[in-house]
Each structure stands twice: as C-alpha cells, then as structure tokens.
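**Q** Here you go, one structure.
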Amino acid sequence: MAQRDDETQIAAAVRTFFDAFTSGPAPDVARRMVALREVLLPQALVVRTCGGEPTAYDVEGFIAPREALLTDGTLSEFREWEVEGRTEVYGDIAHHWCTYAKEGVQGGAPMSGRGAKTLQLVRTGAGWRISAAAWDDER
0 MAQRDDETQI
10 AAAVRTFFDA
20 FTSGPAPDVA
30 RRMVALREVL
40 LPQALVVRTC
50 GGEPTAYDVE
60 GFIAPREALL
70 TDGTLSEFRE
80 WEVEGRTEVY
90 GDIAHHWCTY
100 AKEGVQGGAP
110 MSGRGAKTLQ
120 LVRTGAGWRI
130 SAAAWDDER
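The opening residue of the sequence shown carries number 0 in numbering that gives the first Met the number 0; numbering runs sequentially from there.
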C-alpha cells in the first residue's frame, strides 16, 4: 500500500512538472508555476544540457524566464508532455527517467521537439519533492 502511495505522489509531482510548461493566460500560467514551486525543493537544481555546456539553475532562475516566455506572446499554443517514463524508488529517494515531446508556436512559426529528462525526488514531511532535474533535447 505504501509503495502505491509513493508511486501516486511521484506521478503527481512529475505531472505537475510537465503541466507547468503550458502557455496560456497569465493567471493560469502563474497558478501552474506556484504548483511547480511546491513540488520542487527550495534548494533544487535544474540543469539544461542540449548539446552545449550545461547550464544550472536554482528554482527561481529556472521558473522566472519560463513563466515570462509562456505569457509574453513569444511562445504560444505551447505544451510539453511525457511520452514514456519509469520510476525507481529506494527508501526515501526516487528517480524518474522519461522521454518527452513539446510543440507550440514561437515567433509565429510552428515548433516541436523531443528529448529526455531525469528527475530526482526525495521524500519529505510534506510528501515527495523534486530535488534535481536535468534535460537534453534531440538535435
């Protein structure tokens, strides 16, 4: 029973992570960003690779520019979703590995892409939280 609860909580955290990256009205995006902050540890580290030198972000350094991009009209009709994933849990740590896809309109032109993400999670008194994330896009 506890394992199923863990799986449910981890799946919800992963879903919240992906749902955050959906364009739309500013209040809706802001609500999703609040939810994203809630599933990330305040000290979480997020790393982007994508063929260059890795770029590391703290929570606010990661969220703020993405929230602006999703609401300022530069990126519209955008969404990102998990294609396939798996989770492994050991005690109070978990790892979620997945592939994902994204699509939208950027600067008036359709765009799409795919990639892979890794999320590390830890059990806290408030439930499972993402402690680290990294991603790489297909080139």
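The beta carbon of each residue, even a glycine, is placed where N, CA and C say it ideally should be.
Can you tell me the Cβ-Cβ gap for V38 and T73, rounded? I've got them flagged as a contact below 8 Å.
**A** Looking up residue 38 in the sequence shown gives position 39. Looking up residue 73 in the sequence shown gives position 74. A Cβ-Cβ separation of about 25 Å leaves V38 out of contact with T73 under the 8 Å criterion.
**Q** The alpha helix (DSSP H) with E37 in it runs from where to where?
**A** By 1-based counting over the sequence shown, the position of residue 37 is 38. 25 to 38 is the span of the alpha helix (DSSP H), which, as asked, contains E37.
**Q** Please name the residue in A55, I62, R113 whose C-alpha comes closest to that of V82.
**A** In the sequence shown, residue 82 corresponds to position 83, counting from 1. When only C-alpha atoms are compared, the closest one is R113.
**Q** Provide the residue span of the beta strand (DSSP E) that contains F77, from first to last.
**A** Here residue 77 refers to the residue found at position 78 of the sequence shown. Looking at the DSSP string, the run of the beta strand (DSSP E) that includes F77 is 74 to 89.
**Q** Taking the straight line between their C-alpha atoms, what separation do you get for A108 and G90?
**A** Walking along the sequence shown from the start, residue 108 turns up at place 109. Walking along the sequence shown from the start, residue 90 turns up at place 91. If I take the Cα positions, the gap works out to 46 Å.
**Q** Would you check if the distance between the CB atom of R31 and the CB atom of A43 is smaller than 8 Å?
**A** As a position in the sequence shown, residue 31 is number 32, starting the count at 1. As a position in the sequence shown, residue 43 is number 44, starting the count at 1. Cβ atoms of R31 and A43: not closer than 8 Å.
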